[in-house]
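Undergrad: Okay, here's the structure, questions in a sec.
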Amino acid sequence: MNKIILIISIIIFSLMITACSSSQIDNQSNQMKIGIMLSEAGLGDQSFSDLGFAGLEKARDELNISFDYREIQDSKTYENGLEELVKQENDLIIGLGFSMLEPMETIAKKYPDKTFLLIDSQSDLPNIYNITFKEEEASFLIGALAGMKTKTNVVGFVGGENNPLIQKFEKGFVQGVKSENPNAEILSQYANTYDDDKLGEKIAEQFIADKADFIYPAAGFTGVGVINESQRLGTYSFGVDSDQFYLAEKAVVSSMIKQVDQVIFNTVKEIVESGKIANKNSELGLKENGVDIAPIRIIDLSPTEEERLKKLREEISNGNITILK
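Position one of the sequence shown corresponds to residue 4 (my numbering), numbered consecutively onward.
The structure is reproduced here in structure tokens:
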């Protein structure tokens with residue numbers, strides 16, 4: 004009798020283990036899979052790519068998704084990286100950055116049943132969803148700060164590639180400076196790369212030699228060189244995309260923040276909860292909490308300057324200030 008009971012117990016236990024294993028397999032097979040093609044500088048840019056990666060890490064931890072990524076240094080081209088992510092059978096493929104437009108359209112046409120998310124540009128293809136930001140709005144506030152606080156009456160802008168996206172940063176910054184200081188001189192140069200910090204240092208050194216005391220880089224890792232050189236030479240700079248104060252705590256006054264991490268997380272959450280992305284095109288500014296500026300550090304604002312900055316934010320949000328494009 005004891006042997007029979009033991010055999011029955013073993014059979015029941017085996018069935019329980021099998022059921023648990025099957026359940027785990029089902030859970031894994033139902034887990035949403037996401038692939039992301041990172042922007043040019045890749046991980047470690049302390050800017051755009053790192054933000055995109057962080058958004059998916061948060062989604063993995065809180066929404067039980069899995070994700071993989073590609074960097075152009077490994078895939079050689081954006082098209083190769085995107086196609087690799089498609090062949091991994093990811094449910095959503097994200098392209099991070101303005102330069103992803105044409106490569107993503109090529110792959111999206113080849114795989115019309117796949118869903119793609121393009122960050123920082125717009126495509127008309129039905130299987131590509133687009134999220135763009137009003138970078139010019141927060142850049143205006145950065146410019147207003149520089150215009151208020153410059154002692155030399157000379158400030159600078161350093162762009163990555165000279166394209167319509169980065170021009171939005173520049174135009175917002177210039178308009179913000181001029182709103183507070185019409186007589187300020189604004190130096191501007193494009194590095195034509197996002198991943199050369201040494202070039203960023205050289206440009207910043209020249210700007211500072213030309214009396215610029217505030218420099219705003221929108222240039223990825225090249226901009227990190229601008230920030231480092233500003234600190235080395237005792238002037239001020241601004242971060243971009245994320246709060247970059249920690250890079251140079253004696254130089255970074257504030258940063259133009261793009262909420263890329265939160266936007267990606269929210270989009271993944273929307274798909275997990277509803278099974279789809281509601282809006283084909285989303286454009287996010289100050290009003291939509293898509294962009295902002297980081298806390299202002301190092302320098303002090305007078306009560307009048309603080310009130311002025313608050314007023315400018317409100318006027319941009321409600322449409323009373325239009326930033327030229």
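All C-beta atoms in this analysis are idealised placements derived from N, C-alpha and C, irrespective of residue type, glycine included.
Let's test the definition: count the other Cβ atoms within 10 Å of the Cβ of residue 309 and tell me whether it reaches 16, buried, or not, exposed.
TA: Flag for residue 309 reads exposed.
Undergrad: What is the C-beta distance between residue 197 and residue 43, in whole angstroms, given that I count them as a contact (C-beta under 8 Å)?
TA: Indeed, because the Cβ distance is near 5 Å, the residues count as touching under 8 Å.
Undergrad: Mapping the DSSP letters down to three states, classify residue 26 as helix, strand or coil.
TA: Its pLDDT being 31, under 50, residue 26 is placed unreliably in this model, and the value from its coordinates should be taken loosely. Here residue 26 sits in helix by DSSP.
Undergrad: Taking residue 56 as the reference, which of 298, 268 and 291 has the closest Cα?
TA: Nearest option by C-alpha distance: 268.
Undergrad: Could you give the residue range of the beta strand (DSSP E) that holds residue 300?
TA: Residue 300 -> no beta strand (DSSP E), and no H or E assigned at all.
Undergrad: Looking at C-beta atoms only, is the number of pairs between the stretch 138 to 152 and the stretch 252 to 271 that lie closer than 8 Å three or more?
TA: Verdict: yes, contact present.
Undergrad: Which residues does DSSP list as the beta-bridge partners of residue 221?
TA: In DSSP, residue 221 forms a bridge with 162.
Undergrad: Within this structure, are the beta carbons of residue 128 and residue 112 separated by less than 8 Å?
TA: Yes; because the gap between Cβ atoms is below 8 Å, this pair is in contact.
Undergrad: Would you decide whether residue 222 is buried or exposed? Buried here means 16 or more other CB atoms lie within 10 Å of its CB.
TA: It is buried - the Cβ of residue 222 has at least 16 other Cβ atoms within 10 Å.
Undergrad: The beta strand (DSSP E) with residue 120 in it runs from where to where?
TA: Counting along the chain, the beta strand (DSSP E) containing residue 120 begins and ends at 118 to 122.
Undergrad: From the DSSP secondary-structure annotation, give me the bridge partner or partners of residue 192.
TA: According to DSSP, which records beta bridges pairwise, residue 192 is partnered with 161.
Undergrad: Given this structure, state the Cα-to-Cα distance separating residue 265 from residue 239, to the nearest angstrom.
TA: Roughly 28 Å between the two C-alpha positions.
Undergrad: Which stretch, first to last residue, makes up the alpha helix (DSSP H) that contains residue 286?
TA: Premise fails: residue 286 lies in the beta strand (DSSP E), 284 to 287, not in any alpha helix (DSSP H).
Undergrad: To which residues does DSSP link residue 73 through a beta bridge?
TA: DSSP output for residue 73 lists 40 as bridge partner(s).
Undergrad: Does the separation of the CB atoms of residue 118 and residue 286 fall below 8 Å?
TA: No. Outside cutoff.
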